[in-house]
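Protein chains in written order, with my numbering: chain A, 1 to 243; chain B, 1001 to 1243.
Glycine included, C-beta positions come from ideal geometry on N, C-alpha and C.
Remember, predicted model here, so these are calculated numbers, not experimental data.
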DNA sequence: AGTAGATATATGTAACTTGCATATTACAGG
DNA sequence: CCTGTAATATGCAAGTTACATATATCTACT
């Protein structure tokens, strides 16, 4: 090896490159309310505060792959609907250095949410309360299980707010709701998910009709068990073929 | 200065950081069709191909500021609606090196579009044809003024396709259409913009009612001039106060 | 001056969608 | 076998949308 070979890899502008990270909004529904999984920061800055789990993007790793890796590392599992949310690039969003963060929204079923919590006990399942019920923006309240209202680290409150807003916006024209439900579910469960995300109650017959007319639901002929009253039929989500 | 001071800035991991760029979809409406401004690549890779204008993000520059700077540098003007679109991070999207690109959508009025073209004659105004008229995805055709169908460099066709898709999706719940129109416009011009983006024709009375009921339009009492027939009233866009 | 042509604007109606009230069905438990 | 509760189904009013049609207003031409 020639002693100057390393120079061809030497790129002074590399120092001028901000690192790129992915941050995950791990979202599920608990007790008919949106809930997010948070990690506690033990280092400066924002030591002691709760934050969205994240990690740096490897040089040989696409953004989607990095998000899937962080999901795996932070929750111990691979099952989740993952979609890119937005990229946050304010210069001072991290006081240590300039970091660009690509935020991803991960939608977890209740089962996956609980499994992550069991595998990674350090995670905090915090309830998310969205005060706005139809408007275009705002902020969200994040509440710990003990009822304590949290202030998230960095700009993570803004990321979470955007996640909730995006989810609401996509709710009735996309199939995101099904990513929060088990494979078999009742229409009531589907409505509960919608109501939790929208923060409003919906008219039951109208909701049923709309969902059934959409053509995404397949009746299984099976019924829920253990219901105290008339059991509801179980449906399955079937992505429409011609869409 | 201590001779080892530079070491505190020495960060070997910096070489592992992919540079971050912004790419701009400069979109306007020409002859009632969507049109995009492209730059010709004169270097490897994809030399000779047309591409979206872009630039690297400076270390002390937020993403939004970088996008505005690139807009200024590539079009010679500052007037445009700019919004972040999506971040493209496939490892091999640029054969030279790994580059992460934050795509922005810039909406230009016809006047701004022509001004950019006049200021930067190397730009190519290419027509964008979106073959899908309601579905969720697909690709777009990009056609040079001479009628030649172009193959864009890198993954820029995918970026452009996403831009068109996003624009369609936002068209009827947001105010993006007004970013493509001059300050004063007729209802017919507004409908033309909608039809160009949607790729379908719309029912005129229904469109008028919907737009007027939205509460965003203010009648000015002035009328278009130079019309061969009955002149249409000019309206102004007024962002609704309580929204 | 008056009329034809073209487009803006307005209105009426049928079809469709949505919200809401009400009725019926099916289960558990006493 | 009755009661309570929720699932499911149905009916109707109110609202929205698509479409056809009518009226208004301008230019251009004779």
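For the pair residue 89/A and residue 1225/B, the Cα-to-Cα distance works out to about 45 Å.
The C-beta distance from residue 1180/B to residue 1232/B rounds to 18 Å, too long to fall under 8 Å, and the pair is not in contact. Within the model, the alpha-carbon separation for residue 191/A versus residue 202/A is close to 8 Å.
At a cut-off of 9 Å between beta carbons, residue 69/A makes no contact with chain B. In this structure, residue 1020/B keeps its C-beta atom at 9 Å or more from the C-beta atom of residue 159/A. Of the candidates 1132/B, 1157/B, 1138/B, 1128/B, the residue whose Cα lies closest to the Cα of residue 1145/B is 1128/B. The beta carbon of residue 1115/B sits closer than 7 Å to those of 1077, all from its chain and outside the five residues before and after it, given in chain order.
DSSP places residue 1211/B outside any beta strand (DSSP E); the residue lies instead in the alpha helix (DSSP H), whose first and last residues are 1204-1214. Closest by C-alpha distance to residue 1138/B, out of 1119/B, 1161/B, 1153/B, is 1161/B. With contacts defined by Cβ atoms closer than 9 Å, residue 1122/B and residue 1163/B do not form a contacting pair.
With 16 or more other Cβ atoms from the protein chains shown falling within 10 Å of its own Cβ, residue 185/A counts as buried. DSSP, read as helix, strand or coil, puts residue 1200/B in coil. The contact set of residue 1098/B on chain A, defined by CB atoms closer than 7 Å, consists of 59 in chain order.
When Cβ pairs closer than 8 Å are counted between the two stretches, the segment 193-209 of chain A is seen not to touch the segment 105-112 of chain A, the count staying below three. Counting C-beta atoms within 10 angstroms of its own C-beta, residue 1044/B has fewer than 16 neighbours from the protein chains shown and is therefore classed as exposed. At a cut-off of 9 Å between C-beta atoms, residue 1221/B does not count as an interface residue with respect to chain A. Separation of residue 130/A and residue 157/A (C-alpha to C-alpha, rounded to the nearest whole angstrom) is 12 Å. In chain order, 22, 57 place their CB closer than 6 Å to the CB of residue 66/A, counting only its own chain and leaving out the 5 sequence neighbours on each side. Beta-bridge pairing by DSSP links residue 101/A to 21/A, 88/A. Secondary structure at residue 52/A: coil, using DSSP grouped into helix, strand and coil. Only those residues of the segment 1084-1114 of chain B whose C-beta falls short of 7 Å from the nearest C-beta of chain A are listed: 1084, 1086, 1087, 1089, 1090, 1091, 1098, 1100, 1102.
Of the residues 178/A, 62/A, 49/A, 16/A, the one whose Cα lies closest to the Cα of residue 150/A is 49/A.
The beta carbon of residue 66/A sits closer than 9 Å to some beta carbon of chain B. Per the DSSP secondary-structure output, residue 1160/B pairs with nothing in a beta bridge.
Inter-residue distance for residue 1173/B and residue 197/A is about 19 Å (C-alpha atoms, whole angstroms). The beta-carbon of residue 238/A is placed no less than 9 Å from the nearest beta-carbon of chain B. About 43 Å separates the Cβ atoms of residue 96/A and residue 183/A, ruling out a contact at the 8 Å cut-off.
For residue 1049/B, none of the residues of chain A pass the 9 Å Cβ criterion, the least Cβ distance being about 23 Å. The beta carbons of residue 126/A and residue 68/A sit no closer together than 9 Å.
Within chain A, not a single residue places a beta-carbon under 8 Å from that of residue 1043/B; the smallest gap is close to 17 Å.
In this structure, DSSP gives residue 185/A an extended state, which the three-state scheme calls strand.
If you check each beta-carbon in the segment 1015-1040 of chain B against every beta-carbon of chain A, the ones closer than 7 Å belong to 1015, 1016, 1017, 1018, 1019, 1020.
Close partners of residue 63/A in chain B (Cβ separation under 9 Å): 1087, 1088, 1089, 1090, 1100. With contacts defined as CB atoms closer than 9 Å, residue 1062/B and residue 91/A qualify as a contacting pair. In terms of Cβ geometry, residue 154/A and residue 29/A do not form a close pair [threshold 9 Å].
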